[in-house]
Amino acid sequence: MNDNIEVTETSVAPAPESATMDVEEAARFIGISVSWLYRHWRQVPHIKLGRRVRFTRDGLQAWFKQQERVNAEAAR
733 MNDNIEVTET SVAPAPESAT MDVEEAARFI GISVSWLYRH WRQVPHIKLG
783 RRVRFTRDGL QAWFKQQERV NAEAAR
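Below, the structure written as structure tokens:
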């Protein structure tokens, strides 16, 4: 009896960071206070899921860069 065993190599992708962040995580990510973000969340790109507000890393980074440009132009 000839037992052949075939070994197959598979790769598992690392677990991605959470796709979305809650208000506390988003505030920490962009370095602002939680209370500021609660007051101004409508001005920041967000996803509304029922009563919950979620933010994406890409959306926050793009918004933050846009704020830098707006502030730089206002200083001129």
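Numbering-wise, the numbering used here puts 777 at position 45 of the sequence shown, and it's gapless, one number per residue. Glycine is no exception: its CB is placed at the ideal position from the N, C-alpha and C atoms.
Exercise for review: Return the Cβ separation of residue 684 and residue 768 in integer angstroms, given the expectation that the two are a contact with Cβ distance under 8 Å.
Suggested key: Missing from the structure shown is residue 684; the chain here goes from 733 to 808 and no further.
Practice item. Decide if residue 781 is buried, meaning its Cβ has at least 16 other Cβ atoms within 10 Å, or exposed. Key: In the assembly as shown, residue 781 is an exposed residue. Its beta-carbon has fewer than 16 other beta-carbons within 10 Å.
Practice item. Rounded to whole angstroms, what's the CA-CA distance from residue 775 to residue 791? Just pull it up for me. Key: 12 Å
**Study point:** Counterpart residues of residue 786 in DSSP-defined beta bridges
**Key:** 779
Exercise for review: For the alpha helix (DSSP H) holding residue 773, just list the boundary residues, first then last.
Suggested key: Taken as a continuous stretch (DSSP letters only), residue 773 belongs to no alpha helix (DSSP H), as it is neither H nor E.
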